[in-house]
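**Student:** Can you read through this structure? Questions will come right after.
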Amino acid sequence: MYWEDFLHVTAAAVENTVSSKRVDQFKEALGFHGIPAGHVPPTFVRTFSFGDIKGLTWPDAGMIHAEQEYDYYRPLVPEETLFCSQRIDKVVRKTGRSGEMAFIYLTQTGKDSAEQTVFISRRVLVWKAAGQRSEGVPE
């Protein structure tokens, strides 16, 4: 099984609520003091679940977060419910000093109850253990 086997397979959408309590905890944890109530930091979506890609087991260790970007079509609203999913759009393999690596380009999307896209998050993850066998994890 390889990361490429999961290209363009979209996870079933998962319901997430922009809980005011969790937003306040998030702001406090990041030291965002003085930000007005009701304002949701754009990186709050990192706390969401984006569903499971059928058959894919993510590794417990060895994955490195390389880069991330967000496109917002409107601000997040406290207490709204968003439906979030993810897919792998591209896999690039490279060999470096530490061995073989797989660069996994992941797109995560959040839509509102009217099915309008609220945000798109694009992430690049690096699987440094590429080429090694790990139970249930792609190589």
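In my numbering, the protein residues as written are 1085 to 1223.
Ideal Cβ placement from N, Cα and C applies to all residues, glycine included.
Note down the Cα distance separating Gln1170 from Gly1118, rounded to an integer number of angstroms.
**Tutor:** Each residue's CA atom was taken as its position, placing Gln1170 and Gly1118 some 33 Å apart.
**Student:** Output the residue ranges of the beta strand (DSSP E) runs that lie fully inside the region 1174 to 1205 and measure 3 residues or longer, sorted by chain position.
**Tutor:** 1183 to 1195
**Student:** Do you know offhand how far Met1185's Cα is from Lys1178's?
**Tutor:** 5 Å
**Student:** How would you label Pro1222, buried or exposed, when you count the other beta carbons within 10 angstroms and need 16 or more for buried?
**Tutor:** buried
**Student:** State the Cα-Cα distance for the pair Ile1188 and Tyr1157, rounded to the nearest angstrom.
**Tutor:** Each residue's alpha carbon lies about 25 Å from the other.
**Student:** Got a sec, what are the start and stop residues for the beta strand (DSSP E) Glu1099 sits in?
**Tutor:** Val1098 to Thr1101
**Student:** Taking one C-beta from the region 1085 to 1100 and one from the region 1109 to 1127 each time, how about it: are there three or more such pairs within less than 8 Å?
**Tutor:** no
**Student:** Please return the same chain residues whose Cβ sits closer than 8 Å to the Cβ of Glu1163, not counting the five positions on each side in sequence.
**Tutor:** Thr1101, Val1102, Ser1103 and Ser1104
**Student:** Name the two residues that bound the continuous beta strand (DSSP E) containing Glu1151.
**Tutor:** Met1147 to Tyr1156
**Student:** Which residues bound the alpha helix (DSSP H) around Glu1223?
**Tutor:** That residue, Glu1223, is in no alpha helix (DSSP H); it is neither H nor E in DSSP.
**Student:** Mapping the DSSP letters down to three states, classify Thr1141 as helix, strand or coil.
**Tutor:** Coil, per DSSP.
**Student:** For the 8 Å Cβ check, are there 3 or more pairs between the region 1144 to 1156 and the region 1201 to 1211?
**Tutor:** yes
**Student:** Less than 7 Å between C-beta atoms, sequence neighbours within five positions excluded: which residues of the same chain meet that for Ser1197?
**Tutor:** Thr1165
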